Amino acid sequence: MKDNYGREIDYLRISITDRCNLRCRYCMPDGIDLIPIKDILTYEEILETAEAAASLGIRTIKITGGEPLVRRGCPGLIRALKQISGIDTVTLTTNGVYLKDYLGELLDAGLDAVNVSLDTCDPQKFHEITGFDRLPAVMEGISAAIEAGIRTKINTVLIRGFNEDGWKELTLLAKDRPLDVRFIEMMPIGEGRAYAVVSNEEMQSRIEESFGKGTPETGRHGYGPAVYIRLQGFQGCIGFISAIHQKFCASCNRIRLTSEGRLKGCLCYGSSDDLRKILRSGRTDRAELLKNAIADSIRNKPEAHCFENMEAVRDAEQHRMIAIGG
1 MKDNYGREID
11 YLRISITDRC
21 NLRCRYCMPD
31 GIDLIPIKDI
41 LTYEEILETA
51 EAAASLGIRT
61 IKITGGEPLV
71 RRGCPGLIRA
81 LKQISGIDTV
91 TLTTNGVYLK
101 DYLGELLDAG
111 LDAVNVSLDT
121 CDPQKFHEIT
131 GFDRLPAVME
141 GISAAIEAGI
151 RTKINTVLIR
161 GFNEDGWKEL
171 TLLAKDRPLD
181 VRFIEMMPIG
191 EGRAYAVVSN
201 EEMQSRIEES
211 FGKGTPETGR
221 HGYGPAVYIR
231 LQGFQGCIGF
241 ISAIHQKFCA
251 SCNRIRLTSE
261 GRLKGCLCYG
271 SSDDLRKILR
281 SGRTDRAELL
291 KNAIADSIRN
301 KPEAHCFENM
311 EAVRDAEQHR
321 MIAIGG
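So this is what it looks like as C-alpha cells:
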C-alpha cells in the first residue's frame with residue numbers, strides 16, 4: 001500500500017517488549033519506568049495485527065524490543081509470523097547476549113536474518129555503555145550466527161568523545177567474516193538527545209583513509225535505508241544509516257508498532273494510532289477496524305522527519321526509545 005506521498009509501505013517493525021537485560025546509557029539507563037505487563041500486546045494480538053498489515057501489503061517484519069529474546073516464546077512468535085500469508089521475511093534485532101542460546105530455535109522457526117547491536121569491541125567500554133560484562137556472550141552469538149549461515153549484521157551507534165575511537169575494531173569485524181557492519185547516527189530520541197552525533201560522512205572518511213576507497217554496493221543487503229560500501233579485501237560490507245545528515249525519508253518504507261500497540265508512521269513524531277484499543281474492544285468486526293486503522297496510518301505517514309531541527313517542532317517524539325522500539 002502507498003502513502004499520500006507515493007511511497008510503498010511494505011515493512012513493519014514490531015517491538016514485543018520494553019524490557020531488556022542490558023542498560024545502555026543512551027537507550028535504557030537504570031531507574032526508568034517500564035510499561036505495565038498488562039498493557040503490552042499479547043502474541044495473539046501481535047499476530048492479529050500482522051495479519052491485517054499483510055493484507056495491506058506489508059511483506060517484511062522486523063522483531064525488536066527492548067531485547068526481544070527476554071520475552072518468553074519469541075521463536076514461536078517468529079514461526080507464527082512466517083506462516084502468515086503475504087509475509088515474506090521476518091528478521092530480528094537483538095543485543096546478542098542470548099543469541100547463541102536461542103539460535104537453534106530461531107533458525108527452526110524460519111528466521112531470515114539477525115541484526116546485533118554492538119557499540120564497541122572493548123570489554124571495559126562495553127561495560128560502561130551497557131552496565132554488564134557480557135561482551136564475550138555477544139561475540140559468541142555473532143560467531144554462532146555466522147557459522148549457521150544466517151545473514152548477520154552489526155548495528156553500531158558511536159558517541160562523540162566516548163566510543164567513537166573504537167570504529168576501526170568494529171570495521172574489522174567485516175574483514176574476515178561475511179557480515180555487514182553498519183554505523184547508525186545517534187537518534188535524538190529520549191536519552192539520545194544528550195549525546196553529540198558522529199556523522200557518517202565523517203565516519204566513512206575515517207574508514208576510507210585507513211582501508212582505502214570503498215566501492216559502492218548496488219546489491220540489496222536488506223529492507224532498510226542503509227547505504228553500503230565494500231572495502232578491498234573485506235568479506236563483508238560497511239553500511240551507513242544517516243538519518244540526521246543524509247535524510248532518506250523520500251524512500252522510507254516502514255511503520256512501527258510499539259509494544260503497547262501504538263502504530264507510528266515516523267520515529268520522529270509523537271503521533272500514533274492506538275491499535276490496542278481496537279484489539280481489546282471485543283468487537284466482532286475488529287479485523288476490519290484494525291485494517292482500516294493501519295491503512296489510515298500508512299496514508300497519513302509524515303513526509304519527513306525533523307531530527308535536524310527538533311527544537312522547532314512542537315509535536316516531536318518525547319518518549320524514550322525503549323518505549324517506542326528499536
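Its first residue numbered 1, the sequence shown is counted upward by one per residue in my numbering.
Every residue, glycine too, gets a C-beta built ideally from N, C-alpha and C.
Quick caveat, the model's predicted, so the values are computed rather than measured.
Can you give me the C-alpha to C-alpha distance between E45 and Y269, rounded to a whole angstrom?
Along the sequence shown, read from residue 1 onward, the residue named residue 45 stands at position 45. Along the sequence shown, read from residue 1 onward, the residue named residue 269 stands at position 269. Straight-line Cα distance between these residues: approximately 24 Å.
For the candidate residues N21, A53 and L158, whose alpha-carbon lies nearest to that of T94?
As a position in the sequence shown, residue 94 is number 94, starting the count at 1. Comparing Cα positions, the closest option is N21.
Just verifying my parser: in three-state terms, what is the DSSP assignment at E303?
Along the sequence shown, read from residue 1 onward, the residue named residue 303 stands at position 303. Note: E303 maps to coil in three-state DSSP.
Give me, in chain order, the residues of the same chain whose beta-carbon lies closer than 6 Å to that of R286; leave out the 5 immediate sequence neighbours on both sides.
The residue given as residue 286 occupies position 286 in the sequence shown. Once the five neighbours on either side are set aside, the close Cβ partners of R286 are I278.
Look at the Cβ atom of A53, then the Cβ atom of L111, and state whether they are nearer than 8 Å.
If you number the sequence shown from 1, residue 53 lands on position 53. If you number the sequence shown from 1, residue 111 lands on position 111. No. Outside cutoff.
Tell me whether L158 sits in a helix, a strand or coil according to DSSP, three-state version.
Within the sequence shown, the letter at position 158 stands for residue 158. Residue state, collapsed to three classes: coil.
Along the chain, which unbroken stretches of the alpha helix (DSSP H) at least 4 residues long are found entirely within the segment 213 to 272?
With a minimum length of 4 residues, no continuous alpha helix (DSSP H) run stays inside the segment 213 to 272.
Would DSSP call R327 helix, strand or coil?
Because the chain in this structure spans residues 1 to 326, residue 327 falls outside the shown range and cannot be described.
Under the rule that 16 or more other beta-carbon atoms within 10 Å means buried, what is R254, buried or exposed?
Against the sequence shown, residue 254 aligns to sequence position 254. R254 is buried by the Cβ-count criterion.
Pull the bridge partners of D180 from the DSSP assignment, please.
Position 180 of the sequence shown holds residue 180. In DSSP, D180 forms a bridge with K153.
So, under 8 Å CB-CB, G149 and V116 are touching, yes? Tell me the CB distance rounded to an integer number of Å.
Taking the sequence shown and counting its residues from 1, one reaches residue 149 at position 149. Taking the sequence shown and counting its residues from 1, one reaches residue 116 at position 116. Incorrect: roughly 16 Å between the Cβ atoms, too far for contact.
For K336, tell me which candidate among C306, P123 and K264 has the shortest Cα-Cα distance.
A question about residue 336 goes unanswered here, because the residues of the chain that appear run from 1 up to 326.
Between E208, L179, H221 and V227, which lies nearest to E185 when the distance is taken from Cα to Cα?
Your numbering for residue 185 matches position 185 in the sequence shown. Closest option to E185, Cα to Cα, is V227.
Could you pull out every residue in the same chain whose Cβ sits closer than 7 Å to the Cβ of S85, ignoring the five residues on either side in sequence?
Position 85 of the sequence shown holds residue 85. Counting only Cβ-Cβ distances below 7 Å, and skipping sequence neighbours, we find A54.
So, does the segment 116 to 128 touch the segment 75 to 91, judging by three or more C-beta pairs under 8 Å?
Touching, no, given that fewer than three Cβ pairs across the two stretches are closer than 8 Å.
To which residues of the same chain is D212 closer than 7 Å at the C-beta, ignoring the five residues directly before and after it?
The count along the sequence shown starts at 1 and reaches residue 212 at position 212. The question names Asp, but residue 212 is Gly in the sequence shown. Counting only Cβ-Cβ distances below 7 Å, and skipping sequence neighbours, we find L231 and Q232.
I believe R134 touches V97 by the beta-carbon criterion, under 8 Å. Please report the beta-carbon distance rounded to the nearest angstrom.
To locate residue 134, count along the sequence shown from 1; it is residue 134. To locate residue 97, count along the sequence shown from 1; it is residue 97. Indeed they touch by this definition, with Cβ atoms about 5 Å apart.
Mapping the DSSP letters down to three states, classify K62 as helix, strand or coil.
Start at 1 with the first residue of the sequence shown, and residue 62 comes out as number 62. The answer is strand: DSSP assigns K62 an E or B state.
Got a sec? Which residues, its chain only, sit under 6 Å from G131 by beta carbon, not counting five neighbours each side?
One-based indexing of the sequence shown puts residue 131 at position 131. Cβ within range, chain order: R23.
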